[in-house]
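Worksheet: one structure, shown below.
There are 2 protein chains.
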Amino acid sequence: MINPLVRKLEKFTKLSRADQEALRDLASQRVRHLNARDDLIHEGDRPDHVNLILSGWACRYKTLEDGRRQIIAFLLPGDLCDLNVFILREMDHSMAAITPLTFAEVTREHMEALTLDHPRVTQALWWDSLVNAAIQREWSVNLGQRTAFERVAHLLCELFLRLRSVGMTEGTSCDFPVTQVDLADATGLSAVHLNRTLQELRGADLIVLRGKLLTIPDLEALQAAALFSPNYLHLNHEGQRFDANDA
Amino acid sequence: MINPLVRKLEKFTKLSRADQEALRDLASQRVRHLNARDDLIHEGDRPDHVNLILSGWACRYKTLEDGRRQIIAFLLPGDLCDLNVFILREMDHSMAAITPLTFAEVTREHMEALTLDHPRVTQALWWDSLVNAAIQREWSVNLGQRTAFERVAHLLCELFLRLRSVGMTEGTSCDFPVTQVDLADATGLSAVHLNRTLQELRGADLIVLRGKLLTIPDLEALQAAALFSPNYLHLNHEGQRFDANDA
DNA sequence: CGGCTGCTTGAACTTGTTCAACAGCGGTGG
DNA sequence: CCACCGCTGTTGAACAAGTTCAAGCAGCCG
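Note that the protein sequences, when read in sequence, are chains A and B.
Residues in the first sequence are numbered consecutively from -7, following my numbering.
Residues in the second sequence are numbered consecutively from -7, following my numbering.
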């Protein structure tokens, strides 16, 4: 399989062979595995490397003292967590595997070397982190303004498009290994109401979700129901302006 | 008044004279003014410079087709918007002045020069943008998990601490020029319910809010009520490790 | 004074929560 | 092979939190 990070960044800019090689190199160092539900890192820990998701799903989350949990972001293959985390003294949130997970721990030194040697890659990584910031903002809109129905629909649209951008969809379907409890924690709904909302979405023929497979028969329709506009994902080949297929 | 950006960044690292001078320089170019409610930039516009807030309050926001509006972030003096925005083709959200506003438009070239010449400043700016990302994440927790009461309390704690970090509080009070409708749009509540929530907070003697002045008689108590933990603001002089009072 | 914007109130209503119970499934151990 | 356990998904019914609508008030500025 093609490296999902490379694939995603090429949505932004064409990368040279050397660039691609450097990225593949990132993905081959200090590779680690986790079981579903294990923490990658916990609030309060000192961050000393950047995590690059290679396969499986993970999430960022925070819990309140009384146990309420909010999932803050989903991390998919090709996602890189916070280029500069080292700068901070301690993590302000936790990260956990949702499925069995493979990821690479990229050291500070490695990141710095990459930055120096591959300006085009660096640019693309900044683009990626701006997109992540935009996603985070959209989640605020989602949680603050959308109804349960719209909110769940919106999340599904987003995840589907993000998966597609790393080549992890097949036609109108994709793997969807998230439990309803996780979805509830991501959308700020109770598990019960989330369940009923999914049923509504099914009833409206907007989604088919069975086992761990999600099918979206009519993406346009789902987007309309969610008041979803994909602009914040900045996927429209922004940086075809930088075309440099060998440096 | 001391430059708020310098003051904030010094929470992270000691800056040399030259560093400080460079930052003050940022704040003196292409200074612009807006009236309350005017947009700085609108969704869909092409971003071609970074905005540095000099005085007054602003916000980021998004609106849905049917008019629902979510305020996504508050921008206070000393706040700098998205170091790298130029990378994106178009804005995925809007920004507006809440009060009469003074801000500086910093060109791409100027930012790049700053980055090259002042690595310590660059580092501090990255710190600042990581903190902004953390704030954005915390807003998700706020919107997704906290009750109206906790949510409003939490927002007030955050704003108070952020204002304090740029020297804009006086004892237990600060200027608070935000209308209830704005607060409602930031917390995802209806204006009516926001109003009642403020009354509850007043009734519990957690805040005094009259006119445009906010007083928090017992910050600890308000934080406790909000389940507020300040760690995500990373204000605990993280970077006293870098002390270099002249380069 | 008149008109605007922002704040406040009451009452009916809706959306989403909570609690409690149960069904389905896969895995594990006896 | 069956019994049992734990996790995930599903259901009903009572309940609570927050919304909506509509009206009125207060303060401010011209």
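C-beta: ideal position from N, C-alpha, C; glycine also.
For clarity, every value in this text was computed on a predicted model and none was experimentally measured.
Please say whether residue j and residue i have beta carbons closer to each other than 7 Å?
| i | j | result |
| --- | --- | --- |
| leucine 225 (chain A) | leucine 148 (chain A) | no |
| cysteine 51 (chain B) | alanine 10 (chain B) | no |
| glutamate 97 (chain B) | arginine 22 (chain B) | yes |
| aspartate 84 (chain A) | alanine 176 (chain B) | no |
| leucine 219 (chain B) | leucine 56 (chain A) | yes |
| threonine 94 (chain B) | serine 165 (chain B) | no |
| leucine 214 (chain A) | leucine 198 (chain A) | yes |
| histidine 41 (chain B) | serine 86 (chain B) | no |
| isoleucine 90 (chain A) | tryptophan 49 (chain A) | yes |
| arginine 129 (chain A) | isoleucine 64 (chain B) | yes |
| leucine 32 (chain A) | asparagine 43 (chain A) | yes |
| serine 157 (chain B) | leucine 227 (chain B) | yes |
| glycine 291 (chain B) | proline 169 (chain B) | In the structure as shown, chain B begins at -7 and stops at 239. Residue 291 (chain B) is therefore absent and cannot be evaluated. |
| alanine 14 (chain B) | leucine 106 (chain B) | yes |
| glutamate 2 (chain A) | arginine 38 (chain A) | no |
| glutamate 212 (chain B) | phenylalanine 141 (chain B) | no |
| arginine -1 (chain B) | glycine 159 (chain B) | yes |
| arginine 60 (chain B) | glutamine 137 (chain A) | yes |
Just checking my contact of residue i with residue j at CB under 8 Å: how many whole Å lie between their CB atoms?
| i | j | result |
| --- | --- | --- |
| glutamine 172 (chain A) | leucine 186 (chain A) | 6 Å |
| leucine 67 (chain A) | cysteine 73 (chain A) | 7 Å |
| glutamine 62 (chain B) | valine 133 (chain A) | 4 Å |
| leucine 117 (chain A) | leucine 75 (chain A) | 6 Å |
| valine 113 (chain B) | leucine 7 (chain B) | 7 Å |
| alanine 217 (chain B) | alanine 145 (chain B) | 5 Å |
| leucine 135 (chain B) | leucine 135 (chain A) | 4 Å |
If you follow the beta strand (DSSP E) that residue i is in, where does it begin and where does it stop?
| i | result |
| --- | --- |
| alanine 93 (chain A) | First, the amino acid is wrong: residue 93 (chain A) is leucine here, not alanine. Per DSSP, leucine 93 (chain A) belongs to the beta strand (DSSP E) from 93 to 99. |
| serine 86 (chain B) | 86 to 89 |
| phenylalanine 66 (chain B) | 61 to 67 |
| arginine 24 (chain B) | 23 to 26 |
| asparagine 134 (chain A) | Premise fails: asparagine 134 (chain A) lies in the alpha helix (DSSP H), 111 to 137, not in any beta strand (DSSP E). |
| alanine 50 (chain A) | 50 to 55 |
| aspartate 167 (chain A) | 165 to 167 |
| leucine 7 (chain B) | Run containing leucine 7 (chain B): none; DSSP gives neither H nor E here. |
| leucine 201 (chain B) | 200 to 202 |
What does residue i touch in chain B if you count any residue whose Cβ is under 9 Å from its own?
| i | result |
| --- | --- |
| aspartate 74 (chain A) | Leu122 and Ala125 |
Going along chain A in order, which residues have a C-beta closer than 8 Å to the C-beta of residue i?
| i | result |
| --- | --- |
| isoleucine 64 (chain B) | Arg129, Ser132 and Val133 |
Against residue i, what residues of chain B qualify as contacts under a CB-to-CB distance less than 7 Å, listed in chain order?
| i | result |
| --- | --- |
| tryptophan 60 (chain A) | Rather than tryptophan, the amino acid found at residue 60 (chain A) in this sequence is arginine. Neighbours of arginine 60 (chain A) on chain B, chain order: Gln137. |
| aspartate 31 (chain A) | In chain order: nothing, as chain B lies at least about 17 Å away. |
With 7 Å as the threshold, decide whether the Cβ of residue i is near any Cβ in chain A.
| i | result |
| --- | --- |
| aspartate 197 (chain B) | no |
| lysine 6 (chain B) | no |
| aspartate 11 (chain B) | no |
| leucine 80 (chain B) | yes |
| histidine 34 (chain B) | no |
| asparagine 43 (chain B) | no |
| aspartate 235 (chain B) | A caution first: aspartate 235 (chain B) carries a pLDDT of 48, below 50, which makes its placement in the model unreliable, though a value can still be read off. Answer no: the Cβ-Cβ gap between aspartate 235 (chain B) and chain A never drops below 7 Å. |
| tryptophan 119 (chain B) | yes |
| aspartate 174 (chain B) | no |
| histidine 226 (chain B) | yes |
| asparagine 223 (chain B) | yes |
Under 7 Å Cβ-Cβ, which residues of chain A neighbour residue i?
| i | result |
| --- | --- |
| leucine 56 (chain B) | Gln137 and Leu219 |
| glycine 180 (chain B) | Leu135, Gly136 and Gln137 |
| histidine 85 (chain B) | Arg129 |
With respect to the alpha helix (DSSP H) encompassing residue i, which residues constitute its N-terminal and C-terminal limits?
| i | result |
| --- | --- |
| valine 77 (chain B) | No alpha helix (DSSP H) contains valine 77 (chain B), which DSSP labels as neither H nor E. |
| alanine 213 (chain A) | 211 to 218 |
| leucine 205 (chain B) | Per DSSP, leucine 205 (chain B) belongs to no alpha helix (DSSP H); it is in the beta strand (DSSP E), 205 to 207. |
| aspartate 37 (chain B) | No alpha helix (DSSP H) contains aspartate 37 (chain B), which DSSP labels as neither H nor E. |
| leucine 147 (chain B) | 140 to 157 |
| arginine 194 (chain A) | 183 to 195 |
| valine 173 (chain B) | 172 to 179 |
I want to verify the contact list: residues of chain B whose CB lies under 8 Å from the CB of residue i, in sequence order.
| i | result |
| --- | --- |
| glutamine 115 (chain A) | Ile79 |
Are any of the Cβ atoms in chain B nearer than 7 Å to that of residue i?
| i | result |
| --- | --- |
| aspartate 109 (chain A) | no |
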